[in-house]
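Just below is one structure, and these are the notes that go with it.
Residue numbers (the working numbering): 1 to 204.
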C-alpha cells in the first residue's frame, strides 16, 4: 500500500508522515529539509524558478518510484509529498505564481512536465489531505520558520488550500485513489497520525 500526504506548505505533512510510519510500521520517504537544499534553490531568483522546481522533482519522483516498488513487494510506504502528481491541476493559477510565473520562458516546459507526471507517475492508494484554518496555518508557518517561506511570501496565499484540496478530489476520481481529509489542529504529529490511522483502519 502507498499512502501519500498533501496540503499547504507547513501543514505538517512530513511530521505526520514520520509519526504515521512509526505507528503502522511503514517505510517512510521524506522531502529534504531546507538545510539540505542546494544553493540553486535558495538562489531561484538568479538561476530561475524552473531550475529550482526540477531539482525538487529529481528528489521527489525517485522517492515515489521507490515507494511504489516497496508496495509491489507487499509493503506499506508513506510519502510526505504528492506534489508532482497533483501540480498539473494548479500550475499557472494566480495563487501559485510564486512557483513559476506564466511569463517565465520555461513555463510551457513546466506545464508539459506536470501533465506527463499527472498521467504517468505511480498513484497512491490513499491520499491524506491535511486541512487547516488560517490561524493554525500561520502558527505552523511561524514554528517552522523557513527562509524560503518568507522569501516567497507564502503567508499571502492561503487560498492555495482550496485549490489543492480540489486537486486531491480530482485525483481521487480519476486515479481511483482513496481520499482522506483530516482537519489539522495545533496537536502533536503523533496525535494527528493516530487520527489518520483510525480512519485508515476502515480500509487497511
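Yeah, the Cβ is synthetic: ideal placement off N, Cα and C, and Gly gets one too.
Residues near residue i in its chain [Cβ-Cβ closer than 6 Å; skip 5 each side]
i: residue 30; result: 14 and 80
i: residue 78; result: 3, 17, 20, 21, 26 and 28
i: residue 159; result: 95
i: residue 67; result: 2, 29, 77 and 79
i: residue 192; result: 16
Residue i at chain C interface by Cβ criterion, 8 Å
i: residue 172; result: No chain C appears in the structure shown, which is made up of a single protein chain.
Other residues of its chain near residue i: CB distance less than 7 Å, five sequence neighbours each side excluded
i: residue 181; result: 129 and 131
i: residue 114; result: 87, 88 and 91
i: residue 110; result: 50, 53, 91 and 100
i: residue 117; result: 84, 85 and 88
Residue closest to residue i, alpha-carbon to alpha-carbon, out of the options
i: residue 84; options: 190, 135, 119 and 178; result: 119
i: residue 106; options: 49, 68 and 62; result: 49
i: residue 184; options: 1, 16, 3 and 2; result: 16
i: residue 197; options: 24, 5, 69 and 7; result: 24
i: residue 64; options: 5, 34 and 138; result: 5
i: residue 133; options: 162, 112, 108 and 116; result: 162
i: residue 127; options: 72, 34, 174 and 73; result: 174
Residue i to residue j span [Cα, whole Å]
i: residue 102; j: residue 178; result: 32 Å
i: residue 11; j: residue 75; result: 26 Å
i: residue 44; j: residue 52; result: 6 Å
i: residue 57; j: residue 9; result: 16 Å
i: residue 122; j: residue 97; result: 26 Å
i: residue 69; j: residue 125; result: 13 Å
i: residue 140; j: residue 171; result: 26 Å
i: residue 7; j: residue 55; result: 20 Å
i: residue 200; j: residue 176; result: 16 Å
i: residue 187; j: residue 135; result: 14 Å
i: residue 46; j: residue 39; result: 10 Å
i: residue 157; j: residue 189; result: 24 Å
i: residue 195; j: residue 137; result: 19 Å
i: residue 37; j: residue 112; result: 25 Å
i: residue 142; j: residue 72; result: 39 Å
i: residue 82; j: residue 35; result: 21 Å
Cut-off 8 Å between Cβ atoms - residues of its own chain near residue i, not counting five sequence neighbours on either side
i: residue 41; result: 52, 55, 56 and 148
i: residue 59; result: 31 and 32
i: residue 61; result: 84, 117 and 121
Would you check if the stretch 156 to 175 and the stretch 83 to 102 touch, i.e. whether three or more CB-CB distances between them fall below 8 Å? yes
Which residue spans inside the stretch 21 to 102 form an unbroken beta strand (DSSP E) run of at least 3? 27 to 29 and 77 to 79
Every unbroken alpha helix (DSSP H) within the stretch 147 to 197, with a cutoff of 4 residues, ordered by chain: 147 to 151 and 160 to 175
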